[in-house]
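Each residue of the sequence shown is one higher than the one before, counting from 23 in our numbering.
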Amino acid sequence: MVLQDMENQAPDSFGEPPNASDSDPYASPSPSRSLASGSRFDASNMPSPIPVLGPLIGFSSSAVRFKANTTLSFAEKKLGRTLHPEEAQALAFHIYKLERSKSYYAAAGAGAGAYRWYATMDTYQYPFYKPKMEGVDLNKFGPLRGPAAGLARQTWRFGLYALVAGQMGNIIGQLIAQPIAAYETSVDPKLEEFARDIKAASARDDRGNAERGRVIEERRKDFEARRRQEGTGGMAPPPPPSGERRGERSRQTRPTAAAGDPDDDDMSPTSGNEPWGAQTSSSWGDFAADEQPQPQPERAVDARARRPPSHQPARAAAPTWSAPLDDDTSPTGGLFHSEATAQPAQSASRPGESSWERLRRGAARQDGAAGGATGATGGDARDTERESAQREFDERLERERSGGGFNEGSKKW
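Below is the structure:
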């Protein structure tokens, strides 16, 4: 019985929708209808502009709705989010209220213009311009003649006065009503979150503008510095990317490129030890990349590191002291001690030496050993013998040219 009574009373208890508060200016009597039409707010209970004159001076219902929608779109773009229905309704209410105030000021300005038109009807004065009556034909106005010309002139004057004075009233209303609307929006409890988000967005925009201004100022200073260097003799190069120089990257890639060069053949007579150095096309590209201003000591060290080793035999300086093994009681008296100590070093393979060079060096060493005491005198004795043999050959050749025999005057053995 109790459940049956509750079922009978349930529709009567919750069937009627709650009434909207009469003191809430944002309450919408039909929110479902506004959502169905795709509108952001309900304009049925919004403040309306001045009647009758409002549409004539630019404050029609469609114009006010367009301004409200444009303002809401700008607010959403500023915040980076979509406005809540309560926020959109409250913000639209303040916009409609602002437009209503402006419409009254514009209507007052148009009324003042009409009064000014009536006061200057006899002088045919225009806004901010008074023509000379001596040069005005009152019976002629454009293509019109007669009384119609005078009526058209007065109508034209009325339209100009109403337009100019109405716009001035609109501007004055904007200057007066805009601060009032901004204050009411800031103290509206329904727009507290909106006000906080607006302040945060404004601070974010200010920081972004300051950062962009700092970057522009740095670029301007850099450009002026480069201009000054250009005027004093040269254009300063731009800073290297990511703190590393292109020359360092090219030098790091050079050993890899040199290791994979197909021209480095060990069977070559020079074994790749040309004094001028073998460089490929990539080497020239690396050289072009290394054209960066660097300190002079680094270039000197780099040049010494890149210089190929010289394989010209250097003459050993004569020792100024006697080693402990230089025993004067030996049969030779230490005469061939330097050659005996240099023998193992010469027999060893030199770095970068090819097989042909090792064979030629071994053959020359064998010829020197077979020469006996003549070969033991060292490089100076061999040079002397070579010079004497060349001189003797030149003398024989000269005798043959003069008519004598080639072997004439030679020694007889």
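Heads up, the beta-carbon is just placed ideally off N, CA and C, and yes, glycines get one too.
Under the three-pair Cβ rule at 8 Å, the segment 135–152 does not count as touching the segment 218–234.
Excluding the 5 residues flanking it on each side, Pro71 has same chain C-beta neighbours closer than 7 Å at Phe81, Val86, Glu121, Arg122 and Ser125, in chain order. Going by C-alpha positions, Thr177 is about 23 Å away from Tyr127. Lys162 is bridged by DSSP to Arg167. By alpha-carbon distance to Leu213, the top candidate from Ala134, Gln111, Arg421 and Gly102 is Gln111. Beta-bridge pairing by DSSP links Tyr148 to Tyr151. Between the segment 126–143 and the segment 188–196, the count of C-beta pairs closer than 8 Å reaches three or more; the two stretches touch. Residue range Pro107 to Ala141 is occupied by the alpha helix (DSSP H) that includes Phe115. No residue range can be given for Ile72, since it is assigned to no alpha helix (DSSP H) and is classified by DSSP as neither H nor E. Arg175 is a Cβ neighbour of Leu160, given a cutoff of 9 Å.
By the neighbour-count criterion, in which 16 or more other beta carbons inside 10 Å mark a residue as buried, Asn231 falls on the exposed side. For Ala65, the secondary structure class from DSSP, reduced to helix, strand or coil, is coil. Going by DSSP, Phe245 is part of the alpha helix (DSSP H) stretching over Glu214 to Thr254. The straight-line gap separating the alpha-carbon atoms of Gly172 and Tyr183 is approximately 17 Å. Residue range Ser83 to Leu101 is occupied by the alpha helix (DSSP H) that includes Ser95.
In chain order, Lys212 place their CB closer than 6 Å to the CB of Glu108, counting only its own chain and leaving out the 5 sequence neighbours on each side. Gly76 and Arg241 have their alpha carbons spaced roughly 53 Å apart. Between Thr104 and Glu98, the beta carbon gap of about 6 Å places them in contact (Cβ cut-off 8 Å). For Phe163, the CB contacts under 6 Å within the same chain, skipping 5 residues up- and downstream, are Ala171, Ala174 and Arg175 in chain order. Shown here, Ser424 sits in coil according to DSSP, grouped into three states, outside any helix or strand. With respect to the 9 Å criterion, Glu206 and Lys119 are classified as neighbours on the basis of their beta carbons.
In this structure, the alpha-carbon of Ala90 lies about 45 Å from that of Lys243.
For Ala65, the closest of Leu94, Ala114 and Ala199 by C-alpha to C-alpha distance is Ala114.
Per DSSP, reduced to three states, the secondary structure at Val186 is helical.
The C-beta distance from Phe96 to Ala136 rounds to 35 Å, too long to fall under 8 Å, and the pair is not in contact. Using a 10 angstroms sphere on the CB of Gly253, the tally of other CB atoms stays under 16, which defines it as exposed. If you check the CB distance, Ala203 and His116 come in under 9 Å. Sequence-distant partners of Pro69 (beyond 5 residues in either direction) whose C-beta falls short of 7 Å from its own C-beta, in its chain, are Tyr118, Lys119 and Arg122.
The three-state reading of DSSP puts Thr104 in coil, since its state is none of H, G, I, E or B. Under the three-state reduction of DSSP, Asp210 is assigned to coil, being neither helix nor strand.
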